[in-house]
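Colleague: First, the structure itself, so that you have it in front of you.
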Amino acid sequence: MYTYKYPHPAVTTDSVIFGFDGAGINILLIKRGLEPFKGTWALPGGFLHMDETVEDGAKRELFEETNVQDIYLEQFHVFSTVDRDPRERVLTVAFFALVNKNNFKVIAGDDACKAQWHDWNHLPSLAFDHEEIIKMARQKLQEKLRVSPIAFKLLGNEFKMDELQLIYELINEKKYDRRNFMRKMGSSGFLQKNNLEDNRVCSTIISDTMAEPASPRTLYVYSFNEEAFNKADTSREWRKYPFDF
Numbered sequence: 003m004y005t006y007k008y009p010h011p012a013v014t015t016d017s018v019i020f021g022f023d024g025a026g027i028n029i030l031l032i033k034r035g036l037e038p039f040k041g042t043w044a045l046p047g048g049f050l051h052m053d054e055t056v057e058d059g060a061k062r063e064l065f066e067e068t069n070v071q072d073i074y075l076e077q078f079h080v081f082s083t084v085d086r087d088p089r090e091r092v093l094t095v096a097f098f099a100l101v102n103k104n105n106f107k108v109i110a111g112d113d114a115c116k117a118q119w120h121d122w123n124h125l126p127s128l129a130f131d132h133e134e135i136i137k138m139a140r141q142k143l144q145e146k147l148r149v150s151p152i153a154f155k156l157l158g159n160e161f162k163m164d165e166l167q168l169i170y171e172l173i174n175e176k177k178y179d180r181r182n183f184m185r186k187m188g189s190s191g192f193l194q195k196n197n198l199e200d201n202r203v204c205s206t207i208i209s210d211t212m213a214e215p216a217s218p219r220t221l222y223v224y225s226f227n228e229e230a231f232n233k234a235d236t237s238r239e240w241r242k243y244p245f246d247f
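For the sequence shown, this note's numbering begins at 3 and goes up steadily by one.
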């Protein structure tokens, strides 16, 4: 109905999907099957359809190219360098998400000829400005981790304290004292501690006075108490327990 004589930029979405494998953090990449950058690794994403929001477009492209769906994507930046795409003037809206890799079977589709997880510290050469996008996504992840327990999204329903500490160390790029880390996590009130001795499970909300004993004979796993967090988040009390170590 309306037309304009001035050229308009196109819009794409790109998604940085972080996944934990028990030993390190990975990023989900696709190998492009079309030009430009055919055969080069890139973030899953593509052009926005005329009848969808950027959120819907990001979810659609992620599913079409990797088979990953039903995850929460958080928008973190718009990249608008004039020459970032050799085809035309293109803006991209970038999202990130944290997932447990075991929950998804990655399958390449659409214009992606391959989809695969890559260690985030050993990424291949990337198309467009996707290296810059990933760099900023990692910075945003560090910022988010200081005020929110997003690290739990990388884990299964039950996990070891060592796994949780490793995730914090990988994201923040620093080492933590084990006992201090456990004490800080325990003081949050958002962890449920499960004692697996004698095949009996005894659950309790841990506190800073109930730190895990150092004995390797005692088996414990933990789970994130989302109900406790949501209750505290509603009252803003969770700010008493920052996740900044």
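We put the beta carbon where it would ideally sit given N, CA and C, even for glycine.
With a threshold of 8 Å on Cβ separation, who are the neighbours of V101 within its own chain once the five nearest residues in sequence on each side are excluded?
Modeller: The answer, listed in chain order, is I19, F20, G21, V70, I73, K155, L156.
Colleague: Are A114 and G35 close, meaning C-beta to C-beta below 8 Å?
Modeller: Yes. Within cutoff.
Colleague: Measure the alpha-carbon distance for T83 versus E171 and round it to whole angstroms.
Modeller: T83 and E171: Cα-Cα distance of roughly 32 Å.
Colleague: Using only CA atoms, which one of P126, A139, A129 lies nearest to V80?
Modeller: Answer by Cα proximity: A139.
Colleague: Only counting the same chain, and skipping five residues up and downstream in sequence, which positions put a Cβ closer than 7 Å to that of E229?
Modeller: For E229, where only same-chain residues beyond five positions count, there are no Cβ hits under 7 Å.
Colleague: Can you tell me whether DSSP reads K116 as helix, strand or coil?
Modeller: If DSSP states are grouped into helix, strand and coil, K116 belongs with the strands.
Colleague: So which of L30, D85, R62, F231 has the shortest CA-CA distance to K103?
Modeller: For the residues L30, D85, R62, F231, the minimum Cα distance to K103 belongs to L30.
Colleague: If we count the other Cβ atoms within 10 Å of its Cβ and call it buried at 16 or more, is V149 buried or exposed?
Modeller: Burial call: exposed.
Colleague: Would DSSP call T14 helix, strand or coil?
Modeller: T14: strand per DSSP, three-state reduction.
Colleague: Taking the alpha carbon of S189 as the reference point, which residue from Y222, K176, E160, F231 has its own alpha carbon closest?
Modeller: Checking every option, the nearest Cα to that of S189 belongs to F231.
Colleague: Give every residue of the same chain whose Cβ lies closer than 7 Å to the Cβ of D210, excluding the five residues on either side of it in the sequence, and list them in chain order.
Modeller: Confidence at D210 is low in this model, with a pLDDT of 48, below 50, so the placement of that residue is unreliable and no value is reported for it.
Colleague: Is T14 closer than 8 Å to A129 when the C-beta atoms are compared?
Modeller: No. Outside cutoff.
Colleague: Please report the distance separating the alpha-carbon of N192 from that of I32.
Modeller: The question names Asn, but residue 192 in the sequence shown is Phe. About 36 Å.
Colleague: Near V92, which residues of its chain fall below 6 Å by C-beta distance, leaving aside the five closest residues on each side in sequence?
Modeller: Here the set comprises A12, T14.
Colleague: When the Cα of S17 is compared with those of R181, N159, E133, N227, which residue comes out closest?
Modeller: Closest by alpha carbon: E133.
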